[in-house]
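Here the sequence shown stands for residues 146 to 904, where the numbers follow my numbering.
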Amino acid sequence: MIREQATDKRSLKTVRYEGDLIVIGGGLSGVCCAITAARAGTRVVLVQDRPVLGGNSSSEVRLWVLGATSHMGNNNRWAREGGVVDEILLENLYRNPEGNPLIYDTILLEKTMQEPNITLLLNTAVLDVEKGTGDATDKIKSVRAFCSQNSTAYELTAPLFCDASGDGIVAFQAGAAFRMGAESKDEFGEKFAPSADYGELLGHSLYFYTKDTGKPVRFVPPAYALDDITKIPRYRRFNAKEHGCQLWWIEYGGRLDTVHDTETIKWELWKVIYGVWNHIKNSGQFPEAETMTLEWVGQIPGKRESRRFEGDYILTQQDVVEQRQHPDAVAFGGWSIDLHPADGVFSEKPGCNQWHSKGVYQIPYRCFYSRNVSNLLLAGRIISTTHVAFASSRVMGTSAHGAQAVGMAAALCTKQGVLPRQLPVQDLQTELLKAGQHIPGLRLADDRDLARQATLSASSEYILTELPPNGPLLPLTSSAGQMVPLPAGTVPAMTVYVTADQDTMLTVDLRRSSKADNHTPDVTLQTLTLPVRKGQEELVLSFTAEVPEACYAFVLLMKNEHIRLQYSAVRVTGLLSVFNKVNAAVSNYGKQEPTEDIGVEAFEFWTPERRPKGHNLAFRLNRGIPVFGAANLTNGLQRPVNQPNGFVARLDDSDPSVTLSWPSVQTIKRVVLSFDSDFDHPLETVLMTHPETVSPFCVAEYILCNDRRERVHHERANHLSQNTITFAEPVDTQSLTIHLKHPGPTVPAALMEVRCYAD
Numbered sequence: 146m147i148r149e150q151a152t153d154k155r156s157l158k159t160v161r162y163e164g165d166l167i168v169i170g171g172g173l174s175g176v177c178c179a180i181t182a183a184r185a186g187t188r189v190v191l192v193q194d195r196p197v198l199g200g201n202s203s204s205e206v207r208l209w210v211l212g213a214t215s216h217m218g219n220n221n222r223w224a225r226e227g228g229v230v231d232e233i234l235l236e237n238l239y240r241n242p243e244g245n246p247l248i249y250d251t252i253l254l255e256k257t258m259q260e261p262n263i264t265l266l267l268n269t270a271v272l273d274v275e276k277g278t279g280d281a282t283d284k285i286k287s288v289r290a291f292c293s294q295n296s297t298a299y300e301l302t303a304p305l306f307c308d309a310s311g312d313g314i315v316a317f318q319a320g321a322a323f324r325m326g327a328e329s330k331d332e333f334g335e336k337f338a339p340s341a342d343y344g345e346l347l348g349h350s351l352y353f354y355t356k357d358t359g360k361p362v363r364f365v366p367p368a369y370a371l372d373d374i375t376k377i378p379r380y381r382r383f384n385a386k387e388h389g390c391q392l393w394w395i396e397y398g399g400r401l402d403t404v405h406d407t408e409t410i411k412w413e414l415w416k417v418i419y420g421v422w423n424h425i426k427n428s429g430q431f432p433e434a435e436t437m438t439l440e441w442v443g444q445i446p447g448k449r450e451s452r453r454f455e456g457d458y459i460l461t462q463q464d465v466v467e468q469r470q471h472p473d474a475v476a477f478g479g480w481s482i483d484l485h486p487a488d489g490v491f492s493e494k495p496g497c498n499q500w501h502s503k504g505v506y507q508i509p510y511r512c513f514y515s516r517n518v519s520n521l522l523l524a525g526r527i528i529s530t531t532h533v534a535f536a537s538s539r540v541m542g543t544s545a546h547g548a549q550a551v552g553m554a555a556a557l558c559t560k561q562g563v564l565p566r567q568l569p570v571q572d573l574q575t576e577l578l579k580a581g582q583h584i585p586g587l588r589l590a591d592d593r594d595l596a597r598q599a600t601l602s603a604s605s606e607y608i609l610t611e612l613p614p615n616g617p618l619l620p621l622t623s624s625a626g627q628m629v630p631l632p633a634g635t636v637p638a639m640t641v642y643v644t645a646d647q648d649t650m651l652t653v654d655l656r657r658s659s660k661a662d663n664h665t666p667d668v669t670l671q672t673l674t675l676p677v678r679k680g681q682e683e684l685v686l687s688f689t690a691e692v693p694e695a696c697y698a699f700v701l702l703m704k705n706e707h708i709r710l711q712y713s714a715v716r717v718t719g720l721l722s723v724f725n726k727v728n729a730a731v732s733n734y735g736k737q738e739p740t741e742d743i744g745v746e747a748f749e750f751w752t753p754e755r756r757p758k759g760h761n762l763a764f765r766l767n768r769g770i771p772v773f774g775a776a777n778l779t780n781g782l783q784r785p786v787n788q789p790n791g792f793v794a795r796l797d798d799s800d801p802s803v804t805l806s807w808p809s810v811q812t813i814k815r816v817v818l819s820f821d822s823d824f825d826h827p828l829e830t831v832l833m834t835h836p837e838t839v840s841p842f843c844v845a846e847y848i849l850c851n852d853r854r855e856r857v858h859h860e861r862a863n864h865l866s867q868n869t870i871t872f873a874e875p876v877d878t879q880s881l882t883i884h885l886k887h888p889g890p891t892v893p894a895a896l897m898e899v900r901c902y903a904d
């Protein structure tokens, strides 16, 4: 029994933690920052004010994670973010292809709890910030937090702090310079800067889930439900099929203070949701809803925008659209510039105004730390951008990718004893590339990698000569094309297989991108107009054009309803078919055509289809294309860019393997392998389902052997992009052979990278 006498006042129990890095905010950005830092040897305290991790992606909000892949609806090929966020998405695919948000929660919690360097404080909100004194007034000394569940106060002290809280609770109290709202067109020359009529802030959203019970269910709305559905100008878009974040446009708050008015905004969104459900259930317009009920309604709104804190560089519209190069690039984005009207669901305007760039863009390190609080790093949606650039950088895949750069920066700052601004950026870029973080325009060159000193040989090499006509025969009702990786020089002739229901003419364009690393076919090299006879035909496309540099060529067959194209069942790393179709979810209507000068470009969209569709065209070339050799394994790239950048074995090779040989015996402690997890697939985390649990290109089983042909490692169930094999005892060998098993009968084995280390 505990019994205490009366007293004037008591203090809360206080627990003190010291670390190398305090991360405030356990959304996806905070999680990826913390894990990246922890794996690099940093002692991290991760403070999250909710009972689960993930923020807007968690089961509390249920927004799917997206980034540069943009639902596969833009021209950013192989653009999914790498590193920890990629690992999380692939694990979610493996365990949770149905997109259950509760399972997704467990993955984030597990990944975090598996890191011994992370101290996780859930249900813990930061209340106060203490700054330094004397010469350290520009630094944060500590933060104070409180957990209502255990009635405990926490004092958290570290040399470095990362604010990934969304609203910038620590950065704000620490006095960091920030912006809120939209810049004028004149400040940065951004032609897409919004007018006051459109509004300066994106609002919040709440979602709801429904289910069919199989029996009639009635719904009596709460008194606060919206009683007149016509107050929502787009109410006719509501239906009984869409729910969750498919209704992202149930948005409100852009005319209010999106920090301090959040509770007011939440009540208005509840009002809308229950009014919408009342309309669906009781208007009589949706008889299929008779047996449906509400399964879940969000209780905290998903926030889009509030404060943005200033770094040494402010990302602008021009950085996004022009894909400007930065010497300190550490991350990338590729979501559209996606502004929403401030009136949200009550606006007469479309729910979003999206404009894409022709490819992915770099985000510099200078956007990820405060310009006036010297030990404060920034992650998530609060990084240093304008309102217009933020409209692209804000999405969770991009935010998490940048947060990984922050986590690695913190680890290097800790090791080198420097502040974020003082960190040599080349060190940061190298460590990020080693961790699987793709940075456009950069290649990994690691002098400690023993594989760079090895001679590489392979049991076979896939030479692209044909994709057999063993797939579906599909009508050419939308223009279709094949991406073909070519070295510089003349373009080989291609034979395609067509079936016509009458004599007709087929137009074929040979195109490439104006930038070799982009995948927007905006330069036409040659156009063919060919007669096609009724019946089956092997149609020869004789090209005379040349490509000036290694790049992907686009062989584009224009829409013709009288023709059917033969496709192939064979899928190969770095080969894709693309289509000029519509993906309204990301404002892709086949071609982007701005009607006024808003600082964006006009171009066509050529995008793949999702599996189980998405077959390559069947074709035959008059000469083979040797772009899949073992030399790709040490070229510093881990994904296709302007070439496939991977080793691919022949499909008829019964034991595909790669051997690294050295002139003398090497001592190898650690091997890093990178596989093709299909970086073109967005891997949306919730609501959308996926037809597989492992990428069809990913090698699941492989064996490592030393120079005596002894097995030193055997993996049977890989499903991740990057594997690190650390031997219990170092392996002394003059060669290392990697035996790969083909992922399937129509998918040849591929390996993207191999690195070897003595420690």
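Yeah, the Cβ is synthetic: ideal placement off N, Cα and C, and Gly gets one too.
{"Query": "Beta-bridge partners of Cys850, as assigned by DSSP", "Result": "Arg856 and Thr882"}
{"Query": "CB-CB length for Thr530 against Arg453, believed under 8 Å", "Result": "6 Å"}
{"Query": "Between the CA atoms of Pro827 and Phe750 - distance to the nearest angstrom", "Result": "17 Å"}
{"Query": "Best match in Pro808, Thr251, Val315 and Asn725 for proximity to Thr270 [C-alpha to C-alpha]", "Result": "As written in the sequence, residue 270 is Ala, which differs from the Thr given in the question. Looking at the Cα atoms, Val315 is the closest of the given residues."}
{"Query": "With 16 other Cβ atoms within 10 Å as the buried cut-off, status of Phe872", "Result": "exposed"}
{"Query": "Selection from Ser687, Val803, Glu226 and Cys177 that minimises the alpha carbon distance to Glu255", "Result": "Cys177"}
{"Query": "For Met650, the residue or residues it bridges with in DSSP", "Result": "Pro676"}
{"Query": "Meets three-Cβ-pair contact criterion under 8 Å: the stretch 584-592 and the stretch 766-785", "Result": "yes"}
{"Query": "The ligand MN heavy atom lying under 8 Å from the CB of Val563", "Result": "Because no ligand of any kind appears in the structure shown, any question about the ligand MN cannot be addressed here."}
{"Query": "Member of Leu305, Lys158 and Thr358 whose CA lies at the smallest distance from the CA of Ala298", "Result": "Lys158"}
{"Query": "Ser538 beta carbon less than 9 Å from that of Val465", "Result": "yes"}
{"Query": "Which residues DSSP lists as bridging Asp877, in chain order", "Result": "Thr812"}
{"Query": "Gly504 and Pro585 closer than 9 Å at C-beta", "Result": "yes"}
{"Query": "Whole-angstrom C-beta distance between Leu191 and Leu266, which should lie under 8 Å", "Result": "7 Å"}
{"Query": "Beta strand (DSSP E) runs wholly inside the stretch 719-805, at least 3 long, in chain order", "Result": "721-724 and 764-770"}
{"Query": "Touch test, the stretch 855-874 against the stretch 765-776, Cβ-Cβ under 8 Å, three pairs minimum", "Result": "no"}
{"Query": "Integer Cβ distance of Arg184 from Glu260, believed to fall under 8 Å", "Result": "7 Å"}
{"Query": "Contained beta strand (DSSP E) runs [length at least 3] in the stretch 432-461, N- to C-terminal order", "Result": "437-442"}
{"Query": "Three-pair Cβ contact test at 8 Å for the stretch 474-482 versus the stretch 402-411", "Result": "no"}
{"Query": "Element boundaries [beta strand (DSSP E), containing His707]", "Result": "Asn705 to Gln711"}
{"Query": "Burial state of Val685, where buried means 16 or more other Cβ atoms lie within 10 Å", "Result": "exposed"}
{"Query": "Limits of the unbroken alpha helix (DSSP H) element including Gln627", "Result": "Run containing Gln627: none in the alpha helix (DSSP H); it sits in the beta strand (DSSP E), Ala625 to Leu631."}
{"Query": "Limits of the beta strand (DSSP E) - the one that Thr610 falls within", "Result": "Leu609 to Leu612"}
{"Query": "Simplified DSSP assignment, three categories, for His349", "Result": "strand"}
{"Query": "Residue burial classification, Asp342 (beta-carbon count within 10 angstroms, cutoff 16)", "Result": "exposed"}
{"Query": "Straight-line gap, Asn520 to Ala545 (C-alpha atoms, nearest Å)", "Result": "20 Å"}
{"Query": "Whole-angstrom distance between Ile147 and Asp153, CA atom to CA atom", "Result": "18 Å"}
{"Query": "Gln499, enclosing alpha helix (DSSP H) - first and last residue", "Result": "That residue, Gln499, is in no alpha helix (DSSP H); its beta strand (DSSP E) goes Asn498 to Trp500."}
{"Query": "Reference Val676, options Val668, Val643 and Leu655, closest by Cα", "Result": "Residue 676 is actually Pro in this sequence, not Val. Minimum Cα distance to Pro676 is reached at Val643."}
{"Query": "As assigned by DSSP and simplified to three states, the class of Asp488", "Result": "coil"}
{"Query": "Meets three-Cβ-pair contact criterion under 8 Å: the stretch 478-493 and the stretch 509-518", "Result": "no"}
{"Query": "Beta-carbon gap between Leu618 and Arg709 smaller than 9 Å", "Result": "yes"}
{"Query": "Expected contact under 8 Å - CB spacing of Ala918 and Asn790 to nearest Å", "Result": "The requested residue 918 is not part of the displayed model; the chain covers only 146 to 904."}
{"Query": "Pairwise C-alpha distance: Gly680 and Leu234", "Result": "45 Å"}
{"Query": "Helix, strand or coil at Ala182 according to DSSP, with G and I counted as helix", "Result": "helix"}
{"Query": "Sequence-distant residues of its chain with Cβ nearer than 6 Å to Asn237 (five each side left out)", "Result": "Tyr249, Ile252 and Thr830"}
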